[in-house]
Amino acid sequence: MKKYLISLEKDAQRRELFFSQPDTSDFEVFNAINTMGLSQAELEKTFDFAAFKNAYHRDVTKGEIGCTLSHLNVYKKVIEDDAIDERDYVLVCEDDVLFAENFNENLTALLQENLTADIILVGQSKIPSFDDKELAVNYPTTFGFLQKPVGKTKYRYAYPYRNYFAGTVAYLIKKSACRRFWREVQRLPATYWLADDFILFGQQFGLDILVVRPLMAIENPNLTSNLEALRGSLDNNMAKKLMKFPLKKLLAIKRNLSCLH
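What follows is the structure in structure tokens.
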């Protein structure tokens with residue numbers, strides 16, 4: 001399976017930290033598109049600022065544009081690679097990813113399952129740990145015994161209560177799904193979406209998206225200087241999240257019963 005690492009060329013320290021992890025030597029590095037030195041006029045050639053604001057009700061940042069364009073260009077490389085079958089998955093990661101123990105072995109077990117989804121989120125951003133309570137409360141799936149086991153590992157896959165913004169730290173995507181993205185790029189005057197708008201990708205692109213629990217990858221805490229602030233923010237909002245949890249859980253159970261076979 002092809003594996004891609006998206007990383008800014010200038011971020012040598014991040015790359016060094018990434019490749020210090022086991023089983024990473026087979027990743028192909030894609031030099032991320034650095035948009036910080038470009039003007040809005042230059043960026044408007046490939047990104048629709050007005051469409052973004054209409055969709056997200058705020059202005060886009062240059063970093064977000066660079067992220068979206070970088071992931072799209074990885075998809076282009078996948079499409080152009082004749083060695084990759086339309087049904088094959090590729091792994092796309094960013095250079096701040098931290099893999100769980102035995103990641104490669106567990107990923108192999110996941111790929112041996114009878115998977116048909118277009119995208120499988122094996123990682124998530126802005127989560128302090130691989131099995132954090134935030135996952136269960138704010139992003140619930142169905143009951144554990146109803147989730148699909150991944151071989152003899154501790155991992156399971158399922159649908160979340162609904163698609164959500166999970167970040168793009170680590171995910172599997174089929175070549176056919178990469179092609180679906182580029183059909184949208186060619187159809188529209190310019191790209192306008194966030195790289196992790198899995199709500200849009202499900203609703204408008206018609207992509208089937210699964211999640212893995214616990215997570216196989218998170219953002220590396222050594223690169224997340226505000227991790228304690230993040231943890232505090234998540235805890236402060238926990239009461240409100242717990243109030244919404246019963247409905248989310250019910251929606252997750254209903255979705256998995258109707259979709260996960």
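Using the UniProt record's numbering, count along the sequence shown one by one with no gaps and you end on 261. From the three backbone atoms N, C-alpha and C, an ideal C-beta is built for every residue, glycine too.
Exposed or buried, residue i, counting other C-beta atoms within 10 Å across all chains shown (16 or more means buried)?
i, result
"R58", "exposed"
"L250", "exposed"
"residue 304", "Missing from the structure shown is residue 304; the chain here goes from 1 to 261 and no further."
"S7", "buried"
"V169", "buried"
"S225", "No answer about S225 holds up, because its pLDDT of 46 lies below 50 and its placement is not dependable."
"G167", "buried"
"C259", "exposed"
"A12", "exposed"
"E228", "Residue confidence for E228 is low, a pLDDT of 47 falling below 50, so the modelled location carries little weight and cannot support an answer."
For residue i, which residues in the same chain have their Cβ closer than 7 angstroms to its Cβ, ignoring the five residues on either side in sequence?
i, result
"D23", "F103 and N104"
"I65", "T35, L43 and F47"
"W182", "Y75, K76 and I79"
"P246", "none"
Leaving out the 5 sequence neighbours to the left and right, which residues in its chain are closer than 6 angstroms to residue i when beta-carbon positions are compared?
i, result
"L69", "I33"
"I157", "One point to set straight first is that residue 157 is Tyr, not Ile, in the sequence displayed. For Y157, where only same-chain residues beyond five positions count, the Cβ hits under 6 angstroms are K148, L210 and V212."
"L121", "A166, Y171 and V211"
"N31", "E9"
Per DSSP, which residues does residue i bridge with? Please list them.
i, result
"L5", "V29 and C93"
"K148", "Y157"
"E219", "V97"
"I209", "I119"
"L172", "L91 and I120"
"F47", "T191"
What does a CB cutoff of less than 8 angstroms around residue i pick up in its chain, not counting 5 residues either side in sequence?
i, result
"I253", "T142, F143 and L146"
"L242", "V137"
"V97", "F18, G123, V169, A170, A217, I218, E219 and N220"
"Y56", "L194"
"R15", "L5, S7, V29 and D95"
For the candidate residues the options, whose alpha-carbon lies nearest to that of residue i?
i, options, result
"residue 280", "L223, W193, L260 and N237", "Within the shown structure, residues of the chain are numbered from 1 to 261, placing residue 280 beyond reach of any answer."
"D197", "D81, S176 and Q124", "Q124"
"A109", "C67, R162, S39 and K152", "K152"
"H71", "C93, Y56 and I199", "C93"
"L188", "F205, I173, K175 and A177", "F205"
"E134", "K45, D88, A190 and K244", "K244"
request  = Go through the stretch 102–129 residue by residue and report every complete run of the alpha helix (DSSP H) that reaches 4 residues or more, in order.
outcome  = 103–111
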